[in-house]
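Under this note's numbering, read the sequence shown as residues 120 to 347, first letter to last.
Remarks on the structure that follows.
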Amino acid sequence: MDLCIVNGENVADGAGITPKLADRLLRAGADVVTLGNHTYRRDGIADYLATSDRVIRPANAGRWAPGRGLAVAEARNGAPVAVLNLLGSLFLDVPRSPWEIVDELVDEARRSAAVIVLDFHAEATSEKIAMARWLDGRVTAVIGTHTHVQTSDARVQPGGTAAITDAGMTGPHDSVIGVRADLAIARMRTRLPVRFEPAEGGVRIEGVVVECSDDGRARSIEALRLDV
Ligand SMILES: [Fe+2]
């Protein structure tokens with residue numbers, strides 16, 4: 120089994136994603152692209168998401184948000200893999216709590232695939248750990264995103280669900296979570312509006328590799344960091 124999932128919510132210069140960049144990620148080998156709280160920042164992406172079955176936005180993005188929160192893709196060995204995307208509710212403005220809909224979403228995914236991966240795009244470590252525990256034994260992996268800093272808690276839980284609180288960031292690490300440090304610090308110190316620009320140094324690929332069996336149980340999870 121081999122399948123590649125990319126969270127692409129900030130590939131457009133650190134804020135949002137455009138249809139062109141979404142296609143580029145798919146062409147580069149991503150099977151499914153997940154998004155987050157910056158989903159609709161760029162022109163054209165709402166219409167793109169309305170018809171895409173490989174680029175998904177958080178399932179709790181609201182009743183009127185174009186797009187889907189679940190994708191089913193085929194792994195290299197032919198096994199179907201369901202990918203889910205949800206936003207956390209702590210310190211993020213969400214139209215609907217992820218807890219209200221996660222069970223229904225997982226049940227829906229199970230009808231198409233035994234292997235299920237959730238990208239839980241959330242701010243609070245506690246909420247990400249709680250979601251991983253709640254889904255233990257029901258999904259293959261709960262991968263945290265959004266906070267950009269890779270955590271050292273990759274683990275397979277007792278029920279067979281792999282989890283990590285944050286998979287990290289692919290981007291410039293000589294920065295404040297991707298933004299030029301001087302600009303991020305100026306906004307925090309002065310509270311004046313400062314236009315953010317993406318940083319350039321220390322580019323690193325970060326993510327996780329999860330191994331699982333076709334019945335959906337995770338065998339291992341490894342956090343990756345590659346300097347480029
Ligand atoms: Fe985010």
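Just so you know, even glycine gets a beta-carbon here, dropped at the ideal spot from N, CA and C.
Can you list, in chain order, the residues of its chain whose CB lies under 7 Å from that of residue i, leaving out five sequence neighbours each side?
i	result
E242	G207, L209, F210, L211, H265, T266
A228	L189, A201, L203, I235
A131	T137, L140, R161
What's the gap between the Cα of residue i and the Cα of residue j?
i	j	result
S171	R146	14 Å
G290	R299	12 Å
I124	V200	10 Å
R323	G256	32 Å
D356	M288	There is no way to answer for residue 356, as the model of the chain reaches only from 120 to 347.
P312	A305	9 Å
Y159	I136	8 Å
H292	A232	36 Å
I296	V268	7 Å
D333	N196	10 Å
T244	V275	17 Å
Quick one: what's residue i bridged to in DSSP?
i	result
I235	A201
V268	According to DSSP, V268 bridges with nothing at all.
Just to confirm, does residue i get its C-beta within under 7 Å of one of the non-hydrogen atoms of ligand 1?
i	result
N204	no
N179	no
E246	no
E325	no
H240	yes
E128	yes
H292	no
N156	yes
Thinking C-alpha only, which one of the options is nearest residue i?
i	options	result
I164	G148, D150, H240, N129	N129
G326	R187, T270, M307	T270
T280	W253, G197, G297, S245	W253
L205	G263, A194, N196, P185	G263
A349	L237, A251, H157, A131	Limits of the chain in this structure are 120 at one end and 347 at the other, which puts residue 349 out of reach.
Using C-beta distances below 6 Å, list every residue in its chain close to residue i, excluding the 5 sequence neighbours before and after it, in chain order.
i	result
G181	P214
Cutting at 8 Å between CB atoms, please list the residues of its own chain near residue i, excluding the five before and the five after it.
i	result
G127	I136, L140, A141, L144, A149, V152, T153, L154, V174
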